[in-house]
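See below for the structure under consideration.
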Amino acid sequence: MAFAALAAGCGGAHYQSLDGQTMGTSYRVVARCPAALEPAGIEAVLSRVNASMSNWDDDSEVSRFNASAIGEWMTLSPSLREVVGTALALSTMSDGAFDISVGALVDAWGFGPAPARDFPDDTEIETALARTGYRHLELLDSRLRKTRDVRLDLSAIAKGYGVDAMAAAVAGQGCTDYLVEIGGEVRVRGHSPRGRPWGLGIEAPDGSGSAHRIVTMSEGAIATSGDYRNFFERDGKRYSHTIDPRLGTPVEHVLASATVVHASAMWADGYATLIAVLGPEGGLAFAESRDLAAYLLVRREDRLESRATTAMAALLAPED
Ligand code: ADP
Ligand code: MG
Numbered sequence: 056m057a058f059a060a061l062a063a064g065c066g067g068a069h070y071q072s073l074d075g076q077t078m079g080t081s082y083r084v085v086a087r088c089p090a091a092l093e094p095a096g097i098e099a100v101l102s103r104v105n106a107s108m109s110n111w112d113d114d115s116e117v118s119r120f121n122a123s124a125i126g127e128w129m130t131l132s133p134s135l136r137e138v139v140g141t142a143l144a145l146s147t148m149s150d151g152a153f154d155i156s157v158g159a160l161v162d163a164w165g166f167g168p169a170p171a172r173d174f175p176d177d178t179e180i181e182t183a184l185a186r187t188g189y190r191h192l193e194l195l196d197s198r199l200r201k202t203r204d205v206r207l208d209l210s211a212i213a214k215g216y217g218v219d220a221m222a223a224a225v226a227g228q229g230c231t232d233y234l235v236e237i238g239g240e241v242r243v244r245g246h247s248p249r250g251r252p253w254g255l256g257i258e259a260p261d262g263s264g265s266a267h268r269i270v271t272m273s274e275g276a277i278a279t280s281g282d283y284r285n286f287f288e289r290d291g292k293r294y295s296h297t298i299d300p301r302l303g304t305p306v307e308h309v310l311a312s313a314t315v316v317h318a319s320a321m322w323a324d325g326y327a328t329l330i331a332v333l334g335p336e337g338g339l340a341f342a343e344s345r346d347l348a349a350y351l352l353v354r355r356e357d358r359l360e361s362r363a364t365t366a367m368a369a370l371l372a373p374e375d
């Protein structure tokens, strides 16, 4: 997500900003508050989210679940319960295009915490596929267990959840206008330092960081899933970190990015990944059928093609 309209204009003196590192990327807060922002409060929220959902921390709650025995119930913390519930809902509604249990495949393709190995062969993919499937998970109230040796991977929505948690912490410090961001997933409220609703850029998928279109918002979240930031190339072919769990391989279609606007950053993040798996046609149809505000960038021979759902068209600033 590129930012537009962040330069402090008139009235900007009341805004403060804060930034740092979390979840293998950077975070940032820009906010208008009655008193100085407490960095410790924000850091504590982010540490809690990581301690709960990070696959990179062997002691995190999710890692402990992944290491737990088949059939053993584990009681989840309220935050992990919420994220697991959302990820299971996304898995069910997409029939496994989004899959909370994609961890073994993510590892096999070298996008997880496991040290990068060689390109996986068919046997490795089959093995990982056999360890995939949200239907092998049972969530009962706040208890979760697996009926097969599946590995949870919450990376597709954890950043969004972290953004929501940060927004709550910033609002809890009395800030009335703010932008919070983790690695491109953003949530805003009120006005930017320019005294107007926040202008948020939908990033051009060329890695330049420049804005392709601007969405104007005074309340809500925006998240993008793209094939242009986390991928590797082999024999001239691009392998994205978005996996199609039904096939066991990285997605291969021409969708460069999917951007979703939603009240919740966790849902925006999850839907963006889900649409990225479904691809240009299926993703657009899914988003339209659920009245989601979604924007898809599709690679064509020599140009980029964009498609906005009806709900998204209403939010886009006019093109230059
Ligand atoms: P980004 O980190 O670029 O914002 P996403 O939000 O789309 O991207 O999350 C991508 C991550 O989600 C991958 O690195 C992987 O851990 C996980 N993932 C990949 N494919 C799927 C899938 N089909 N369902 C759920 N999670 C996935
Ligand atoms: Mg996502």
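In case it helps, this note's numbering puts the sequence shown at residues 56 to 375. Just so it is clear, CB atoms sit at the ideal spot from N, CA and C, and this is done for glycine as well. Source: prediction; values computed, not measured.
Looking only at Val306, Tyr216, Pro300, Ala311, the smallest Cα-Cα distance to Pro260 is reached by Ala311.
About 6 angstroms separates the Cβ atoms of Leu194 and Leu143, confirming a contact at the 8 angstroms cut-off. Between Thr178 and Ala122, the alpha-carbon positions lie close to 23 angstroms from each other. Closest by C-alpha distance to Glu137, out of Ala220, Pro94, Pro170, is Ala220. Under the 8 angstroms Cβ criterion, the region 129-136 does not count as touching the region 266-281, having fewer than three qualifying pairs. Secondary structure note for Trp253: its beta strand (DSSP E) is the uninterrupted segment 253-258.
Only residues of its own chain outside the window of five on either side were considered, and among them Ala159, Asp204, Val205 have a CB closer than 6 angstroms to the CB of Arg186, listed in chain order.
Within the same chain, Leu160, Ala163, Gly303, Thr304 come within 8 angstroms of Ile180 by CB-CB distance, once the 5 residues on both sides are set aside. In the pairwise beta carbon analysis, the region 144-151 is classified as not touching the region 279-293: fewer than three pairs are separated by under 8 angstroms. Secondary structure at His69: helix, using DSSP grouped into helix, strand and coil. In terms of Cα proximity to Asn110, the closest of Ser156, Ala152, Ala90 is Ser156.
At a Cβ-Cβ threshold of 8 angstroms, Val104 and Tyr189 do not count as neighbours.
The count of Cβ pairs closer than 8 angstroms, one atom from the region 78-89 and one from the region 229-247, reaches three, so the stretches are in contact. Taking C-beta atoms as the reference points, Ile277 and Ala318 fail to come closer than 8 angstroms. The alpha-carbon of Val85 is positioned some 9 angstroms away from that of Glu236.
Between Asp299 and Val332, the C-beta spacing is below 8 angstroms. When the five nearest sequence neighbours on each side are left out, the beta carbons in the same chain lying within less than 8 angstroms of the beta carbon of Ala106 are those of Asp112, Asp114, Ser115, Glu116, in order along the chain. Relative to the non-hydrogen atoms of the ligand MG, the Cβ of Gly229 never comes closer than 7 angstroms to any of them. Residue nearest to Ala372 within the set Ile97, Arg268, Ile212 is Arg268 (criterion: CA-CA distance). Judged by DSSP secondary structure, Val117 falls within the alpha helix (DSSP H) whose first and last residues are 116-122.
Runs of the beta strand (DSSP E) spanning 3 or more residues and lying entirely within the region 70-112 occur at 70-77, 80-87, in chain order. Taken atom to atom, the span from the alpha-carbon of Thr202 to that of Pro248 is near 51 angstroms. DSSP places Thr314 inside the beta strand (DSSP E), whose first and last residues are 310-317. Around the beta-carbon of Pro335, 16 or more other beta-carbon atoms lie within 10 Å, marking it buried. Boundaries around Thr182 are those of the alpha helix (DSSP H), 177-185, since no beta strand (DSSP E) includes it.
Counted as a single uninterrupted DSSP element, the alpha helix (DSSP H) harbouring Ile330 occupies residues 320-344. Counting along the chain, Thr297 sits inside no beta strand (DSSP E), nor does DSSP assign it H or E at all.
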